[in-house]
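Report on the structure given below.
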Amino acid sequence: MLSAWLGDRDDLTVVGDANQTIYSFTGASPRFLLEFSRSFPDATVVRLERDYRSTPQVVSLANRVIEVARGRVAGASCGYPANVSRVLPRRSRSIRRTRRRLPP
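In case it helps, UniProt numbering puts the sequence shown at residues 1 to 104.
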């Protein structure tokens with residue numbers, strides 16, 4: 001559908017993070033981002049791997065959670081260096097329930 005919409009034009013910008021596709025209930029899939037380079041081999045891919053919104057501790061925790069997810073993209077984000085407090089995860093029933101729902 002994207003190729004039909006573009007026609008002969010090559011001016012397209014796609015932004016996303018395949019590890020953060022939260023709209024699967026609408027049909028979104030990380031597959032679209034992961035296969036984009038195959039469909040558009042001349043595209044320039046710019047990887048933004050530094051997270052300026054979160055502390056290194058939060059990014060590290062997120063990387064540890066995502067590394068066990070099926071279909072994840074290899075590689076990890078890194079946080080912007082900052083002198084902040086440590087993140088201490090807390091065990092709770094809701095966290096265990098959420099963890100059980102994550103794909104292997």
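For every residue, glycine included, the Cβ atom is placed at its ideal position computed from N, Cα and C.
Leaving out the 5 sequence neighbours to the left and right, which residues in its chain are closer than 7 Å to residue i when beta-carbon positions are compared?
i: Leu-12; result: Leu-6
i: Leu-33; result: Gly-16, Ala-18
i: Gly-14; result: The amino acid occupying residue 14 in the given sequence is Val; Gly does not appear at that position. Hits under 7 Å: Phe-36.
What residues in its chain sit with their C-beta under 6 Å from that of residue i, if we drop five residues either side in the sequence?
i: Arg-3; result: Rather than Arg, the amino acid found at residue 3 in this sequence is Ser. Contacts found: none.
Would you mind giving the Cβ-Cβ distance between residue i and residue j, rounded to the nearest angstrom? I have them listed as a contact below 8 Å.
i: Ser-54; j: Val-45; result: About 23 Å; that fails the 8 Å criterion.
Report all residues from its chain with a CB closer than 8 Å to the CB of residue i; omit the five preceding and five following residues, and keep chain order.
i: Phe-40; result: Leu-12
i: Asp-10; result: Asp-42
(request) Within the UniProt domain "UvrD-like helicase ATP-binding" (7-41), note down every full alpha helix (DSSP H) run reaching 4 residues or more, in order along the chain. (result) Entirely contained in the UniProt domain "UvrD-like helicase ATP-binding" (7-41), the alpha helix (DSSP H) runs reaching 4 residues are, in chain order, 30-34, 36-39.
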